[in-house]
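Per this note's numbering, the very first residue in the sequence shown carries number 147; after that it's consecutive.
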Amino acid sequence: MKKVKTVGKSTKEFITGVVHIRATFNNTFVNVTDVHGNTLCQTSVGACGFSGSRKSTPYAAGKAAEAAAKNAMERFGMKVVSVIIRGPGFGTEAAVKALQNCGLTVTSIADKTAIPHNGCSNLDKLIKPSSVKVISDNSSEKSDVVLEPLESGFALTLGNALRRVMLSSLKGSAVYGIKIEGVTHEFTSIQGVREDVTDIVLNMGMLRCKLNGASNKCLNLNAKGPCQVLAGMIETDDQCSIVNKDLLICTLGQNIELNMTIYVASGKGYLPVTKYKENELVKLMSEQDLIGFIPVNALYSPVNRVSYKVENSRVGQVTDKDKLILSIETDGTISPSQAVDFAARILQEQLQPFISSDVSYKKSQASSSSSAKDLGYDPVLLRKVDEMELSVRSHNCLKNENITYIGDLVQKTEGEMLRTANFGRKSLNEIKAVLVNFGLSLGMNVLNWPPKDIDELAKQHTDED
């Protein structure tokens with residue numbers, strides 16, 4: 147073991163310091179500095195003389211860290227340190243553990259190992275998907291989303307990850323409880339109503355609704371027989387819309403009245419009636435409010451089914467690349483393309499902390515990406531809606547609403563668009579289809595939009611094109 151003392155014995159104390167651990171596969175260097183980076187002491191040790199590098203390197207690293215810790219504590223009174231790790235060696239964990247065993251309090255550990263270790267970019271010459279196609283059979287609920295080309299094996303990785311996120315983590319709206327006038331619990335029947343209360347509760351669990359700007363809502367249903375009570379008879383407003391309006395709730399006999407309060411909230415996943423008390427909204431209800439409250443199995447997920455398959459894709463003369471085909475069925479509150487978009491964004495946010503801020507390949511991005519960063523926005527958002535080649539009716543509706551840029555358009559929700567004068571479902575579907583081709587959708591949140599000097603930025607983008 148070799149020790150190098152860079153500072154002589156000092157009466158000055160350094161209670162707080164920084165321990166730099168540089169670990170190679172054969173050697174471990176431990177350097178102790180003050181908070182300003184001035185070296186106080188350092189040690190280094192190699193694995194030579196010990197049996198087996200995978201066993202010897204951690205042992206040697208622990209010895210080096212132990213010597214440095216004792217040196218810093220005895221000579222400088224050091225008690226608290228933060229640790230910075232660099233290098234791919236096997237001894238980093240053993241070194242940190244040795245510091246703690248010596249009595250030092252480790253407040254933070256930062257691994258600043260350069261990625262990749264061998265100086266090569268792991269992104270060089272990786273195939274990137276050139277297109278995302280949405281194939282649908284005139285249905286807003288079922289579509290196939292095709293992504294190609296992908297590196298061999300990537301389709302399986304991405305398909306499985308996207309499928310799991312779409313089924314488990316997308317937010318939606320669901321009925322979590324109801325109240326029926328004159329009914330105290332679900333194990334009863336209502337005179338003049340063909341279905342018993344249990345059947346009504348099951349039917350309400352299948353109600354699909356969409357909340358626009360609200361996290362929860364109380365809806366009312368008032369009906370008088372004889373009639374079939376359908377979901378479309380529920381009273382709604384601009385903040386809530388019913389998707390499956392033809393859903394049968396119950397059947398009323400002659401002169402029978404039904405007055406129901408329906409509790410709707412947004413969430414994710416599935417909350418069965420056995421756990422309804424875990425609902426935060428239920429916890430806020432008083433004992434008086436809970437009288438007559440009947441919980442409903444709440445299925446918040448807007449995605450009903452997702453499956454994927456992998457096929458071969460051709461790039462030039464190479465035929466062993468992957469094509470990913472996602473078959474998606476939603477409940478109608480969102481489109482399949484939106485489901486993929488939301489799932490991809492969730493994965494992106496979850497993976498972001500793993501991306502080092504000093505990765506070398508960030509300096510060598512494609513010119514198109516660089517120009518987009520220079521603009522500060524995705525260049526597509528700076529295009530004018532005139533470039534979307536919409537029908538005359540759709541174009542005039544956007545013009546009347548002063549929607550000039552695609553960035554203005556994507557921030558509008560479907561509900562807001564449908565409230566536009568002379569704007570119908572056909573125009574909405576047309577715009578959604580065009581946005582999908584750009585990788586965009588309605589209801590997006592674009593930070594700091596609109597930018598200052600938007601006309602100048604748009605002109606700059608046009609000139610580059």
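All C-beta atoms, glycine included, are put in the ideal place defined by N, C-alpha and C.
Given the structure is predicted, the values throughout are model-derived calculations rather than measurements.
CA-to-CA, the gap between Pro482 and Lys279 works out to about 12 angstroms.
Between the region 334 to 342 and the region 442 to 451, the count of C-beta pairs closer than 8 angstroms stays below three; the two stretches do not touch.
According to the DSSP assignment, Met312 belongs to the alpha helix (DSSP H) that extends over 300 to 314.
Shown here, Leu296 sits in a strand according to DSSP, grouped into three states. For the pair Leu302 and Phe584, the Cα-to-Cα distance works out to about 24 angstroms.
DSSP places Met352 in the coil class of the three-state scheme, outside both helix and strand. Apart from the 5 residues on each side of it in sequence, Leu472 sits with its Cβ closer than 6 angstroms to the Cβ of Val291, Tyr454 in its chain, given in chain order. The alpha helix (DSSP H) runs lying completely inside the region 441 to 505 and spanning 4 residues or more are 482 to 497, given in chain order. Here His166 carries a strand assignment [DSSP, helix/strand/coil]. Note that the C-beta distance between Ser289 and Ile480 is not below 8 angstroms.
Counting only residues of its own chain and dropping the five nearest sequence neighbours on each side, Leu574 has a CB closer than 7 angstroms to the CB of Glu560, Met563, Leu564.
In the structure shown, the three-state DSSP call for Arg565 is coil. Beta-carbon to beta-carbon, Glu297 and Phe222 are separated by about 52 angstroms, too far to satisfy the 8 angstroms threshold.
The region 485 to 495 makes contact with the region 305 to 314, as at least three CB pairs between them are under 8 angstroms. When only Cα atoms are considered, Ser277 and Ile388 end up about 34 angstroms apart. In the three-state DSSP reduction, Lys274 falls in the coil class, being neither helix nor strand. Beta bridge pairing from DSSP links Arg232 with Arg168. Membership of Gly553 in the alpha helix (DSSP H) is indicated by the continuous run 552 to 556.
Taking the Cα of Arg451 as reference, the smallest distance to any Cα among Val419, Leu427, Gln463, Ala485 is reached at Ala485. In the displayed model, Cys543 falls within a helix according to three-state DSSP. Taken through DSSP and simplified to helix, strand or coil, Gly323 comes out as strand.
Rounded to whole angstroms, the Cβ separation of Ala214 and Gln188 is 7 angstroms, and the two are in contact under 8 angstroms. Residue burial is scored here from C-beta neighbours: Leu555 has at least 16 other C-beta atoms within 10 angstroms and is therefore classed as buried. Between Gly438 and Arg571, the alpha-carbon positions lie close to 39 angstroms from each other. Of the other Cβ atoms in all chains shown, fewer than 16 fall within 10 Å of the Cβ of Glu327; this residue is therefore exposed.
For Val428, the enclosing alpha helix (DSSP H) begins and ends at 426 to 429.
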